[in-house]
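So in my numbering, spot 115 of the sequence shown is number 116, and the numbers just go up one at a time. Taking it in order: structure first as structure tokens, then the write-up.
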Amino acid sequence: MNKAIRYASVDALRGITVAAMLLVNNPGSWSHVYAPLLHSEWNGCTPTDLVFPFFLVIVGVSIALGVVPRVEQGSDRGALTRTVLIRAGRILGLGLLLHFLAWWWLDLAHYRPWGVLQRIGLCFAAAGMAAIWLKPRLQWLCIGVLLTGYAALLVAGGSLEPWLNLSSRVDTSLFGALLYQYDPATGHGHDPEGLMSTLGALASTLLGLRAGALLRQRPWRLLPAAVLLLIAGGLWAQWLPLNKNLWTSSYVLWTGGWAFAGLWLAHILIDCRQWPALGRRFGVNAITAYAGSSAMVLAMMATGSWGWLWEQLFNRWLTPLGGAQFASLVMALSFVAIWWLPMAWMDRRKIYLKI
Numbered sequence: 002m003n004k005a006i007r008y009a010s011v012d013a014l015r016g017i018t019v020a021a022m023l024l025v026n027n028p029g030s031w032s033h034v035y036a037p038l039l040h041s042e043w044n045g046c047t048p049t050d051l052v053f054p055f056f057l058v059i060v061g062v063s064i065a066l067g068v069v070p071r072v073e074q075g076s077d078r079g080a081l082t083r084t085v086l087i088r089a090g091r092i093l094g095l096g097l098l099l100h101f102l103a104w105w106w107l108d109l110a111h112y113r114p115w116g117v118l119q120r121i122g123l124c125f126a127a128a129g130m131a132a133i134w135l136k137p138r139l140q141w142l143c144i145g146v147l148l149t150g151y152a153a154l155l156v157a158g159g160s161l162e163p164w165l166n167l168s169s170r171v172d173t174s175l176f177g178a179l180l181y182q183y184d185p186a187t188g189h190g191h192d193p194e195g196l197m198s199t200l201g202a203l204a205s206t207l208l209g210l211r212a213g214a215l216l217r218q219r220p221w222r223l224l225p226a227a228v229l230l231l232i233a234g235g236l237w238a239q240w241l242p243l244n245k246n247l248w249t250s251s252y253v254l255w256t257g258g259w260a261f262a263g264l265w266l267a268h269i270l271i272d273c274r275q276w277p278a279l280g281r282r283f284g285v286n287a288i289t290a291y292a293g294s295s296a297m298v299l300a301m302m303a304t305g306s307w308g309w310l311w312e313q314l315f316n317r318w319l320t321p322l323g324g325a326q327f328a329s330l331v332m333a334l335s336f337v338a339i340w341w342l343p344m345a346w347m348d349r350r351k352i353y354l355k356i
């Protein structure tokens, strides 16, 4: 199969993941959130901890469906490399711009260079290069080296605890107060999207690249592959805990297993049985939805309108009915629904912004 194909299941799963990002990132109040909608404080894996690795796996799948067929058709690899790097640079630059707006509008003490879009951009670039220049066996080798090498580095670092682990120490030595968390009294810092933990995130993206190959050629193998990944991740977690902040190797395998299973299920239901591709409208403009909603929230926080809406509308009227956590969830769901409207409008008019 040399022709690039757009799978409705992939668009739907990407869209569901983006909608989940908007949901968990924008509660009415961070003081009132149901536990499954929060990240683990350190070790562990909540449903929310599945969202970002799902997206990175889908990034890899999309590369397998969009870039690899062009390599197979004999397209110029140098031109493909430039295309991938330019798009990766745009995604990374958009993330830097959003963080500049956060620093400016919210009057933050320091500018934070690392973030979600920055990580997506870096992983897209590296996985794209792997798709263009490396054979499948070498891609698997890269995954193995990343998983074992990164795990060895973390363990050799002497501690896996907050602030004291090798990933946090490396990031702090390079970026100091520019990290997401920094304690000037101790000189300790941490960033969940920092430099060193991006090694684990890249392994997730490369797993997605291989998942995309299975989807194109042997989709039935996605389910047994998912089971193997879950077993391997669960076993490895006995020695190296599941940890999103560090993006540990066990976490890569565990979340990758669930992503493979989700892709298999979406393929069976949507591509094979023709179920509606729920989430597709978010999925075909995924970066636009994420970046646009992030900018909107920043503007609302800067003007105080987010807090006003929470207090005067959702907290005031819904907390007496179902509690503060319920009211906070309804506000988050309302935000997702509001952003569905422009995404649906763009899809109906076939407007697809490829950042």
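For each residue, glycine too, the CB sits at the ideal point set by N, CA and C. Because the structure is a prediction, the values reported are computed rather than measured.
- With a minimum length of 3 residues, there is no unbroken run of beta strand (DSSP E) contained wholly in the stretch 241-269.
- Spatial neighbours of Leu14 in its own chain (CB-CB distance under 8 Å, excluding positions within 5 residues in sequence) are listed in chain order as Phe55, Ile59, Gly263, Leu264, Ala267, Gly280, Gly284.
- In the structure shown, Asn27 adopts coil according to DSSP, grouped into three states.
- Taking the C-beta atoms as reference points, Ala296 is found no nearer than 8 Å to Trp340.
- Going by DSSP, Gly190 is part of the beta strand (DSSP E) stretching over 189-191.
- In this structure, Arg217 sits near Leu66, with a CB-CB distance shorter than 8 Å.
- Contact between Ser174 and Thr256 does not hold, since the beta-carbon distance rounds to 28 Å and is not under 8 Å.
- Looking at the backbone, the Cα of Asn166 and that of Asn246 are separated by about 11 Å.
- Between the stretch 214-234 and the stretch 169-189, the count of Cβ pairs shorter than 8 Å is below three; the stretches do not touch.
- Listed in chain order, the non-local C-beta contacts of Gly122 below 6 Å within the same chain comprise Ala89, Ile92, Leu93, local neighbours out to five positions each way being set aside.
- Sixteen is the threshold: since fewer than 16 other Cβ atoms of the shown chains lie within 10 Å of the Cβ of Ser160, the residue is exposed.
- The residue from Gln313, Ala328, Leu314 with its alpha-carbon nearest to that of Thr320 is Ala328.
- For a cut-off of 8 Å, the C-beta gap from Val62 to Gly209 is around 5 Å, short enough to register as a contact.
- With a threshold of 16 other beta carbon atoms within 10 Å, His111 falls short and is exposed.
- DSSP, read as helix, strand or coil, puts Asp184 in strand.
- The alpha-carbon separation between Pro48 and Leu330 amounts to approximately 15 Å.
- Taking every protein chain shown into account, the CB of Cys273 has fewer than 16 other CB atoms within 10 angstroms, so this residue is exposed.
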